[in-house]
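Worksheet: one structure, shown below.
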Amino acid sequence: MALDQSFVGRSYPPTDPYEVGREKIREFAQAVGDTNPAYTDPEAAKALGHSDVIAPPTFVFAITFKAAGQVTTDPQLGLDYSRVVHGDQKFAYTRPVRAGDRLTVTSTIEAIKSMAGNEILDIRGEVHDEAGEHVVTAWTKLVARGADAAEGEA
Amino acid sequence: MTAKIAYGDIEVGTELPAQTFPVTRATLVQYAGASGDFNPIHWNEKFAKEVGLPDVIAHGMFTMAEAIRVVTDWTGDPAAVVEYGVRFTKPVVVPNDDEGATIEVSGKVAAKLDDNRVRVDLTVKSAGQKVLGMSRAVVRLA
Chain A
1 MALDQSFVGR
11 SYPPTDPYEV
21 GREKIREFAQ
31 AVGDTNPAYT
41 DPEAAKALGH
51 SDVIAPPTFV
61 FAITFKAAGQ
71 VTTDPQLGLD
81 YSRVVHGDQK
91 FAYTRPVRAG
101 DRLTVTSTIE
111 AIKSMAGNEI
121 LDIRGEVHDE
131 AGEHVVTAWT
141 KLVARGADAA
151 EGEA
Chain B
1 MTAKIAYGDI
11 EVGTELPAQT
21 FPVTRATLVQ
31 YAGASGDFNP
41 IHWNEKFAKE
51 VGLPDVIAHG
61 MFTMAEAIRV
71 VTDWTGDPAA
81 VVEYGVRFTK
91 PVVVPNDDEG
101 ATIEVSGKVA
111 AKLDDNRVRV
121 DLTVKSAGQK
131 VLGMSRAVVR
141 LA
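These protein sequences, in sequence, are chains A and B.
Residue 40 in full-length UniProt numbering is what sits at position 40 of the first sequence, and the numbering runs on without skipping anything.
Residue 58 in full-length UniProt numbering is what sits at position 58 of the second sequence, and the numbering runs on without skipping anything.
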């Protein structure tokens with residue numbers, strides 16, 4: 001069943017703040033095997049001009065994707081999440097995420113398309129800090145595979 | 001932001017040092033915990049095969065995180081990355097053995113932009129196949 005085009009442009013309320021912790025950044029950097037000291041050593045981060053350790057570029061996805069759950073689980077939208085794979089991902093940064101940030105995400109449905117039996121959903125997540133300043137925007141393209149469509153990947 | 005690469009030293013076609021990143025089942029379990037993505041296709045072979053995959057596959061976001069390391073290792077300061085996008089085109093299949101899979105990443109400067117920025121195009125492969133498409137970063141250099 002095609003998703004309702006009238007949802008295009010719909011924004012969801014900002015999420016409660018996510019507080020970025022130094023140790024969570026360290027855990028993520030270790031999980032991707034990245035030893036850049038800007039992620040773990042506050043002094044190294046300061047030497048680069050940052051007020052505290054910063055997060056790797058894709059760290060923020062965990063926050064924006066959780067926020068996108070408002071969209072993907074919206075019963076009115078009716079997305080069959082069991083058939084969803086991740087199509088594209090993009091980020092545009094005003095500044096890096098850093099320890100101590102309290103980040104809120106506002107999710108908006110940018111586009112809904114049907115293509116080759118698949119439903120394609122573009123969600124934009126605008127991430128702001130506690131002062132209301134923009135930090136990063138994340139664009140996530142989700143593809144809900146049609147019942148007869150070929151298998152994709154996540 | 002203090003990238004260690006100077007815009008004036010870079011030409012279109014400049015190659016970034018290529019890197020190869022190993023990924024095993026243990027890597028995926030660790031990434032699942034750190035990222036909060038516990039989808040069983042990334043750790044449960046039985047489940048992955050039931051949904052039509054050849055085997056357990058890496059998180060697309062794990063591959064995306066590895067690929068940008070070629071850029072952040074080049075610039076020194078990860079904050080030099082001002083835009084980064086990828087398309088997930090093929091899965092990285094991770095067998096249940098000691099070796100797992102490898103992700104091979106190379107990159108080169110595709111365009112010089114204004115404001116000391118360059119566009120870097122990344123080529124990301126596993127088992128001889130491209131696994132990411134349209135993998136591009138815009139980077140602000142010194």
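Note that beta-carbon positions come from the ideal geometry of N, C-alpha and C, so glycine has one too.
Boundaries of the alpha helix (DSSP H) harbouring A:Ile25: 22 to 31, taken from the DSSP string. Per DSSP, B:Leu141 is not a residue of any alpha helix (DSSP H), being assigned neither H nor E. Within the same chain, Pro40 come within 6 angstroms of B:Phe47 by CB-CB distance, once the 5 residues on both sides are set aside. No residue range can be given for B:Asp98, since it is assigned to no alpha helix (DSSP H) and is classified by DSSP as neither H nor E.
Chain order gives the chain B residues near A:Gly49 as Met1, Thr2, Asp77, Ala79, where near means a beta carbon separation below 9 angstroms. Under the Cβ distance rule, A:Arg95 counts among the residues neighbouring chain B, one pair being separated by less than 8 angstroms. Contact annotation, A:Val143 with A:Val71: C-beta distance approximately 14 angstroms; criterion of less than 8 angstroms not satisfied. Around the Cβ of B:Leu113, a 10 Å sphere holds fewer than 16 other Cβ atoms; the residue is exposed. Membership of A:Pro17 in any alpha helix (DSSP H) is not indicated, and neither H nor E is assigned to it by DSSP. Looking at the backbone, the Cα of B:Ser135 and that of B:Val71 are separated by about 12 angstroms. For B:Gly107, the CB contacts under 6 angstroms within the same chain, skipping 5 residues up- and downstream, are Leu16, Val70, Val120, Leu122 in chain order. Per DSSP, B:Gln19 lies in no alpha helix (DSSP H) segment; the continuous beta strand (DSSP E) that holds it begins and ends at 15 to 23.
Interface flag for B:Val86 against chain A is set, since a Cβ pair is found closer than 8 angstroms. Annotation for B:Tyr7: Asn116, Leu141 place their beta carbon closer than 6 angstroms to its own, counting only its chain and skipping 5 residues before and after. Residues of chain B whose Cβ lies closer than 8 angstroms to the Cβ of A:Gly87 are, in chain order, Arg87, Phe88. DSSP places A:Gln89 in the strand class (E or B) of the three-state scheme. Below the 7 angstroms Cβ cutoff, chain A contributes no neighbours of B:Gln19, its closest Cβ being approximately 10 angstroms away. Residues of chain A with a Cβ closer than 8 angstroms to the Cβ of B:Glu83 are, in chain order, Lys90, Phe91, Ala92, Tyr93. B:Asn96 and B:Thr102 have their alpha carbons spaced roughly 13 angstroms apart. With the rule of 3 Cβ pairs closer than 8 angstroms, the stretch 106 to 121 of chain A does not count as touching the stretch 46 to 55 of chain A.
Excluding the 5 residues flanking it on each side, A:Thr104 has same chain C-beta neighbours closer than 6 angstroms at Pro14, Thr15, Pro17, His128, in chain order. About 5 angstroms separates the CB atoms of A:His134 and A:Thr94; that is less than 8 angstroms, so the two are in contact. Where A:Gly69 is concerned, the enclosing alpha helix (DSSP H) starts and stops at 61 to 72.
Non-local beta-carbon contacts of B:Leu28 in its own chain, meaning distances under 8 angstroms to residues more than five positions away in sequence, involve His42, Trp43, Val56, Ala58, His59, Phe62, Val94 in chain order. From the beta-carbon of B:Glu66, the residues of chain A found nearer than 9 angstroms are Val32, Gly33, Asp34.
Inclusion of A:Gln89 and B:Met64 in the CB contact set at 8 angstroms is warranted, their separation being smaller than that value. Here DSSP, grouped into helix, strand and coil, assigns A:Arg10 to coil.
For B:Gly107, no chain A residue has a C-beta closer than 8 angstroms to its own C-beta; the minimum C-beta separation is roughly 14 angstroms.
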